[in-house]
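Counting with numbering that gives the first Met the number 0, you get residues 0 to 91 for the letters of the sequence shown.
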Amino acid sequence: MSPPDREPAHTLTLLTRAECGLCEDMLNELQALRARHALPPLRLLDVDSDPQLQRRYGLKIPVLLLDQVPVCSARLDQAELLRALRDRSGTA
0 MSPPDREPAH
10 TLTLLTRAEC
20 GLCEDMLNEL
30 QALRARHALP
40 PLRLLDVDSD
50 PQLQRRYGLK
60 IPVLLLDQVP
70 VCSARLDQAE
80 LLRALRDRSG
90 TA
């Protein structure tokens, strides 16, 4: 049994909705950003699959969450995402 020697991996979650053009745009931008920067794994989640998420985010989608904390919505804010990743990695 060895002690953990690194932080748990971060997770990105993209809250989407069927037939959402902005969601598709943000997903495409994230994939392009991934080609230039190391990003955590991305999970897609339909906001309508969970009544609590639907109530909380409603029409604000797409919403990008880093470790369940909103980073941006509607459009990808690359600078904010990269800043949030740096901030999270810098804390122990």
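The beta-carbon is built from N, C-alpha and C at its ideal position, and this holds for glycine as well.
query, result
"Candidates Leu41, Pro50, Leu52: closest to alanine 8 by CA position", "Leu41"
"Inter-residue Cα distance where the pair is aspartate 45 and leucine 64", "13 Å"
"For cysteine 22, the three-state DSSP class (helix, strand or coil)", "helix"
"Arginine 35, DSSP secondary structure in three states", "helix"
"Alanine 78 beta carbon less than 9 Å from that of proline 61", "no"
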